[in-house]
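Undergrad:
Protein chains: 2
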Amino acid sequence: MNKLKELINDLAPHVEDIINQPGSPRTVYEPISYILSLGGKRIRPAMVLAAYRLYSDSYSLEIFKLAQAVEMFHNFTLMHDDIMDNSPLRRGQDTVHIKWDDATAILSGDLLQIEVYEKLTEIGNIEILQLFNSMARELCEGQMNDMQFETIDEVSNDSYLDMTRQKTAVLLGFSLQAGALLGGANATDAEKLYDLGISIGLGFQLMDDYLDSFGEKAKVGKRIGGDILEKKKTYLWNEMWSHLDEGARQEINELYTQPESMIIASVTASMDDTGAKEYTLELAQQYTRKSLNALNHINVSGDKTYLQEIVEILAGRES
Amino acid sequence: MNKLKELINDLAPHVEDIINQPGSPRTVYEPISYILSLGGKRIRPAMVLAAYRLYSDSYSLEIFKLAQAVEMFHNFTLMHDDIMDNSPLRRGQDTVHIKWDDATAILSGDLLQIEVYEKLTEIGNIEILQLFNSMARELCEGQMNDMQFETIDEVSNDSYLDMTRQKTAVLLGFSLQAGALLGGANATDAEKLYDLGISIGLGFQLMDDYLDSFGEKAKVGKRIGGDILEKKKTYLWNEMWSHLDEGARQEINELYTQPESMIIASVTASMDDTGAKEYTLELAQQYTRKSLNALNHINVSGDKTYLQEIVEILAGRES
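Line by line, the protein sequences give chains E and H. Numbering-wise, the first sequence is residues 1 to 319 according to the numbering used here. Numbering-wise, the second sequence is residues 320 to 638 according to the numbering used here.
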C-alpha cells in the first residue's frame with residue numbers, strides 16, 4: 001500500500017481545502033464539510049493522480065482541482081442517493097438527511113454539485129467538461145435503473161452489469177481519462193484508460209458483491225450476508241436465481257420467515273450449488289486480469305506502479 | 320406585448336427541443352419534459368434574447384443554447400424547491416415529487432442540472448461558465464436563507480432584499496449579462512446589464528408581494544391574500560411589522576383564529592395604516608424607474624425596445 005499512501009499524502013492538503021469551506025449561511029455549507037470529512041478511501045481522486053503520474057511526475061495546480069472535483073462529485077451523489085435510498089448511516093455516521101433534514105440534504109447536494117463545476121471551470125478545459133457531463137448523465141441514468149431494479153423480480157446479468165457500469169464504473173473511467181489528459185496523454189491512450197476504469201469498476205463491484213456473502217467479516221469490515229438479507233439483486237444473486245427452477249425459487253422465498261443465520265446459510269449454499277459463487281469470483285478476477293493486462297499494453301513515459309497498486313487493491317479489497 | 324411575443328416565437332422551437340428529449344430510462348427523463356411543458360412565461364430565456372438584441376439582430380446557435388440553459392436551470396430550481404417547500408401544485412398541476420415521488424424529483428432535477436451544464440459547455444465560453452457558477456451558488460444560498468426565514472419571527476427588510484436578490488434577481492442578472500456578452504457587449508456594459516437584471520428582479524418581487532395582498536384577482540390570476548394567510552415574511556409584511564408595537568403585534572397574531580376573510584381584511588388595513596402598502600409600492604416603482612433609466616444610459620448598437628417592454632411588463636405584471 002505504499003504507492004497509494006503516497007498519493008493520499010499528496011492529496012491531503014487539497015482534501016482539507018474542500019472540507020474547510022467558508023461561506024454563508026453556514027447551514028448550507030456545513031453538510032458539505034460534514035460528508036467530505038467522513039473519510040472514505042479517497043480512491044477516486046487517487047486514481048486521478050495515478051493516471052496523471054503515468055505521464056508526468058510534477059503535479060500541476062489543475063490536477064488537484066480535478067482530484068477535488070471527482071471527490072466532491074462522488075460525495076454529492078452519496079448525499080442525494082442516501083435520501084433516495086432512505087439510508088440512515090454512511091460510514092458509520094448519520095447521513096446528511098438524518099443529521100439535518102431532506103431539504104438541507106437536497107440543497108447542500110445541489111450546492112456541492114455547483115462547486116464541482118466551479119473546480120472544472122477553473123481547470124478551463126472544455127473537453128474535460130464534456131467528458132464529465134456525459135459521465136454525470138450516465139450516472140443519473142444508472143441510479144434510476146438501480147432504483148427500478150428494486151421493484152422487479154428478476155434482473156438479467158447484462159442489465160446488472162450495465163447498471164453497474166453507469167452507477168459505479170463511469171466515474172472511475174472519467175477519473176483515469178481526465179487525469180491522463182491533464183498529464184499529457186493523447187486521445188487514444190486516454191480512451192484506453194477510460195475503458196480500464198470501466199473494467200476496474202465492474203471488477204470491484206463484482207468482488208464487493210462476492211465478499212458481502214463470502215468474505216471474512218474482519219477483512220471486509222462489515223457484517224457478512226447483508227445483501228442476502230435484503231434480497232439485493234446483485235450479480236451473485238441474479239446468477240443463482242437464473243439457475244433455480246420454480247420450486248427452488250419458492251423455497252428461497254419461504255426461507256425469509258426463518259432466523260437470519262438460517263437464511264444466510266441456505267442462500268449461500270444455493271449460491272455455491274448453482275455455481276453462482278464460483279462464476280462471480282471468476283468474472284471478477286477476469287476483470288482484474290483484463291485491467292492489469294490493459295495497463296501493461298499502454299505505453300507511458302511515467303510511472304505505472306501507482307495505478308497497478310490501485311487495481312490490485314480494488315481487486316482484493318485489501319485496504 | 321408585441322416585442323415579447325416576437326421573442327417567445329423565436330424561442331418556441333428551442334423550447335420544444337428541450338421538452339422532447341430522448342433518453343433512457345424514461346422515468347428519469349419524463350419529469351424533465353413534464354416540468355418544462357407546464358409553461359410559464361419563459362421570461363428568463365426571453366431576457367437572454369432581449370439582451371442579445373441590444374447588440375445584434377442575427378441570432379447565433381449559442382444564444383439559443385444559453386436561453387435553453389437558463390430556462391432549464393430555472394425549472395431545475397423549481398423541481399427541487401417544490402420538494403423542499405412541500406408544494407403540491409406548480410402552475411395548477413401536480414409538482415414532480417407529487418406526480419412521481421421525492422426520489423424521482425431529486426434525481427431528475429440532478430439530471431436537468433447536468434443538462435444545463437451540457438448546454439453551457441457547448442457554448443464553450445469559460446467566462447459565461449464562471450458567471451453561471453457564481454450565480455448558481457448565490458441562488459442556493461438564497462434558497463437556504465429563505466427556508467430559514469420561515470423559522471424566525473422578525474426579518475429585517477435588508478435581509479429580505481438580500482435573500483430576494485440571491486433567490487430571484489441573480490438569475491435575471493445572469494440572463495442579461497451573459498446574453499449581452501454573446502451579443503458582443505464589452506465587459507463594462509455587460510456588468511451594467513447584470514445590475515439592471517438585479518433591479519428588475521427586486522422590483523418584480525416587491526410588486527409580486529404587493530399584488531398578492533392588494534391586486535385584483537382577475538388581473539393577478541390567483542387568490543388575493545395568500546401570503547397574508549401564510550404569514551409569509553414578505554417586504555410588505557416586514558415593513559408593517561416593524562411599525563407595530565407589542566400590543567398591535569399580539570392583536571395580529573390573535574387574528575389567526577378568525578375566518579380567513581377577517582384575517583385578510585385586518586392585515587391589509589394594518590399594512591395600509593402603517594404606510595407599508597404605500598412604501599412597498601413606491602419602492603417597487605423606484606426599482607422600475609431605476610431599471611428603465613439604466614437602460615436608457617447604456618449605449619448599444621441594436622434594439623432596446625425588447626428589453627424595455629420586458630421591464631415594463633414585469634413592473635406592471637401585465638402578462
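From the three backbone atoms N, C-alpha and C, an ideal C-beta is built for every residue, glycine too.
Does the beta-carbon distance from L313 (chain H) to S610 (chain H) come in below 8 Å?
TA: Residue 313 (chain H) falls outside the range modelled here, since chain H spans only 320 to 638, and no answer is possible.
Undergrad: By a C-beta neighbour count over all protein chains shown, 10 Å radius and 16 as the cutoff for buried, is G520 (chain H) buried or exposed?
TA: Residue numbering aside, residue 520 (chain H) sits at position 201 when the second sequence is read from its first letter. The residue is buried, with at least 16 neighbouring Cβ atoms inside 10 Å.
Undergrad: On the DSSP bridge list, what partners appear for L111 (chain E)?
TA: The sequence position of residue 111 (chain E) within the first sequence is 111, counting from 1. Here L111 (chain E) is not bridged, per DSSP, to any residue.
Undergrad: Only counting runs of 4 or more residues, tell me where the alpha helix (DSSP H) segments fall wholly within the region 247–301 of chain E, in order along the chain.
TA: Listed in chain order, the complete alpha helix (DSSP H) runs (minimum 4 residues) inside the region 247–301 of chain E are 260–273 and 276–296.
Undergrad: In whole angstroms, what is the alpha-carbon distance linking G203 (chain E) and K167 (chain E)?
TA: Here residue 203 (chain E) refers to the residue found at position 203 of the first sequence. Here residue 167 (chain E) refers to the residue found at position 167 of the first sequence. When rounded, the distance between both Cα atoms is 13 Å.
Undergrad: Note down the Cα distance separating P350 (chain H) from L426 (chain H), rounded to an integer number of angstroms.
TA: Translated into the one-based positions of the second sequence, residue 350 (chain H) becomes position 31. Translated into the one-based positions of the second sequence, residue 426 (chain H) becomes position 107. So the alpha carbons of these two residues sit roughly 10 Å apart.
Undergrad: Mind checking who R90 (chain E) pairs with in its DSSP beta bridge?
TA: The residue labelled residue 90 (chain E) in the question sits at position 90 within the first sequence. Paired residues: E:Q93.
Undergrad: Would you give the residue range spanned by the alpha helix (DSSP H) that I18 (chain E) belongs to?
TA: On the first sequence, position 18 is the one that residue 18 (chain E) refers to. Start and end: N2 to I19.
Undergrad: Quick check on V28 (chain E) - is its C-beta less than 8 Å from some C-beta in chain H?
TA: Locating residue 28 (chain E) in the first sequence gives position 28, counting from the first residue. Interface residue, yes.
Undergrad: Suppose you measure from the CA of I354 (chain H) to the CA of R165 (chain E); what does that come to, to the nearest Å?
TA: For this step, residue 354 (chain H) is matched to residue 35 along the second sequence. For this step, residue 165 (chain E) is matched to residue 165 along the first sequence. If you take the alpha carbons of I354 (chain H) and R165 (chain E), they lie about 29 Å apart.
Undergrad: For G183 (chain E), does the three-state DSSP call read helix, strand or coil?
TA: The sequence position of residue 183 (chain E) within the first sequence is 183, counting from 1. Helix, per DSSP.
Undergrad: Determine, using beta carbons only, whether Y606 (chain H) comes closer than 8 Å to chain E.
TA: Position 287 of the second sequence holds residue 606 (chain H). Judged by the 8 Å Cβ criterion, Y606 (chain H) is not in contact with chain E.
Undergrad: With distances taken between CB atoms, is the gap from I639 (chain H) to L548 (chain H) smaller than 8 Å?
TA: Because chain H spans 320 through 638 in this model, residue 639 (chain H) falls outside it and cannot be assessed.
Undergrad: What would DSSP say about T234 (chain E), mapped onto helix, strand or coil?
TA: Walking along the first sequence from the start, residue 234 (chain E) turns up at place 234. T234 (chain E): coil per DSSP, three-state reduction.
Undergrad: So, helix, strand or coil for N133 (chain E), using DSSP?
TA: The residue given as residue 133 (chain E) occupies position 133 in the first sequence. In the structure shown, N133 (chain E) sits in a helix (DSSP, three-state: H, G or I).
Undergrad: Residues of chain H with CB closer than 8 Å to the CB of G124 (chain E), please, in chain order.
TA: Residue mapping note: residue 124 (chain E) aligns to position 124 of the first sequence, counting from 1. Ordered by position in chain H, the residues that pass the 8 Å Cβ test against G124 (chain E) are I445.
Undergrad: Counting along the chain, where does the alpha helix (DSSP H) carrying Y59 (chain E) start and finish?
TA: Here residue 59 (chain E) refers to the residue found at position 59 of the first sequence. Where Y59 (chain E) is concerned, there is no enclosing alpha helix (DSSP H), given that its DSSP letter is neither H nor E.
Undergrad: At the 8 Å Cβ level, is A369 (chain H) part of the contact set with chain E, yes or no?
TA: By one-based count along the second sequence, residue 369 (chain H) stands at place 50. Chain E contact via Cβ: absent.
Undergrad: Sorry if obvious, but does the Cβ on I543 (chain H) come closer than 7 Å to a heavy atom of the ligand ATP?
TA: As far as ligands go, the structure on display features none, and thus does not contain the ligand ATP.
Undergrad: Taking Cβ positions only, does A136 (chain E) come closer than 8 Å to chain H?
TA: As a first step, residue 136 (chain E) is located in the first sequence; it is residue number 136 there, counting from the start. Closer than 8 Å: yes.
Undergrad: Report yes if the CB atom of R90 (chain E) is closer than 8 Å to the CB atom of D82 (chain E), and no otherwise.
TA: Mapped onto the first sequence, residue 90 (chain E) falls at position 90. Mapped onto the first sequence, residue 82 (chain E) falls at position 82. Going by C-beta atoms, R90 (chain E) is nearer than 8 Å to D82 (chain E).
Undergrad: Taking the straight line between their C-alpha atoms, what separation do you get for E434 (chain H) and A388 (chain H)?
TA: Against the second sequence, residue 434 (chain H) aligns to sequence position 115. Against the second sequence, residue 388 (chain H) aligns to sequence position 69. Roughly 8 Å separates the two Cα atoms.
Undergrad: What number of angstroms, rounded off, separates the C-alpha of L323 (chain H) from the C-alpha of L491 (chain H)?
TA: On the second sequence, residue 323 (chain H) is found 4 positions in, with the first residue counted as 1. On the second sequence, residue 491 (chain H) is found 172 positions in, with the first residue counted as 1. Near 16 Å, if we compare the C-alpha coordinates of L491 (chain H) and L323 (chain H).
Undergrad: Please list, in chain order, all residues of the same chain as D57 (chain E) whose beta carbon is under 8 Å from its beta carbon, the five residues on each side excluded.
TA: Residue 57 (chain E) sits at position 57 when you count from the first residue of the first sequence. Only G302 and D303 meet the Cβ criterion.
Undergrad: Ignore the nearest five residues each way along the sequence and tell me which others in S585 (chain H)'s own chain have a CB closer than 7 Å to its CB.
TA: Within the second sequence, the letter at position 266 stands for residue 585 (chain H). So the list reads L574, once near-sequence residues are dropped.
Undergrad: Hey, does Y117 (chain E) have any beta-carbon neighbour from chain B nearer than 8 Å?
TA: Protein chains in the displayed structure are E and H, and chain B is not among them.
Undergrad: Could you tell me how far apart the beta carbons of L501 (chain H) and E381 (chain H) are, in whole angstroms, since I believe they sit closer than 8 Å?
TA: As a working note, residue 501 (chain H) is residue 182 in the second sequence. As a working note, residue 381 (chain H) is residue 62 in the second sequence. That pair is a contact at about 6 Å.
Undergrad: Would you mind telling me which residues of chain E sit closer than 8 Å to S343 (chain H), beta carbon to beta carbon, in chain order?
TA: If you number the second sequence from 1, residue 343 (chain H) lands on position 24. Going along chain E in sequence order, the residues near S343 (chain H) (Cβ under 8 Å) are E141.
Undergrad: Drop a sphere of 10 angstroms on the beta-carbon of D528 (chain H), count the other beta-carbons inside from all chains shown, and report buried for 16 or more, exposed for fewer.
TA: Counting from one through the second sequence, the residue named residue 528 (chain H) turns up at place 209. Per the 10 Å Cβ criterion, buried.
Undergrad: What three-state label does DSSP hand V70 (chain E) in the structure shown?
TA: Here residue 70 (chain E) refers to the residue found at position 70 when the first sequence is read from its first residue. Three-state result, V70 (chain E): helix.
Undergrad: Report the option in H:D465, H:M366, H:R456 and H:A386 whose CA atom is closest to the CA atom of D404 (chain H).
TA: Here residue 404 (chain H) is taken as the residue at index 85 of the second sequence, counted from 1. Per the Cα distances, H:D465.
Undergrad: Is any beta-carbon of chain H found at less than 8 Å from that of N133 (chain E)?
TA: Looking up residue 133 (chain E) in the first sequence gives position 133. Interface residue, yes.
Undergrad: Pop quiz: Q467 (chain H) and T27 (chain E) are said to be a contact at Cβ under 8 Å. What is the actual Cβ separation, rounded to whole angstroms?
TA: Within the second sequence, the letter at position 148 stands for residue 467 (chain H). Within the first sequence, the letter at position 27 stands for residue 27 (chain E). Going by Cβ atoms, the distance from Q467 (chain H) to T27 (chain E) rounds to 7 Å, so yes, they are a contact pair.
Undergrad: What does A103 (chain E) reach in chain H if we use C-beta pairs closer than 7 Å?
TA: As a working note, residue 103 (chain E) is residue 103 in the first sequence. Per Cβ cutoff of 7 Å: M403 and M466.
Undergrad: Return the CA-CA distance between M526 (chain H) and Q569 (chain H), expressed in angstroms with no decimal places.
TA: Numbered from 1 along the second sequence, position 207 holds the residue referred to as residue 526 (chain H). Numbered from 1 along the second sequence, position 250 holds the residue referred to as residue 569 (chain H). For M526 (chain H) and Q569 (chain H), the distance between alpha carbons rounds to 27 Å.
Undergrad: Indicate the three-state DSSP secondary structure (helix, strand or coil) for H80 (chain E) in the structure shown.
TA: Here residue 80 (chain E) refers to the residue found at position 80 when the first sequence is read from its first residue. H80 (chain E): helix per DSSP, three-state reduction.
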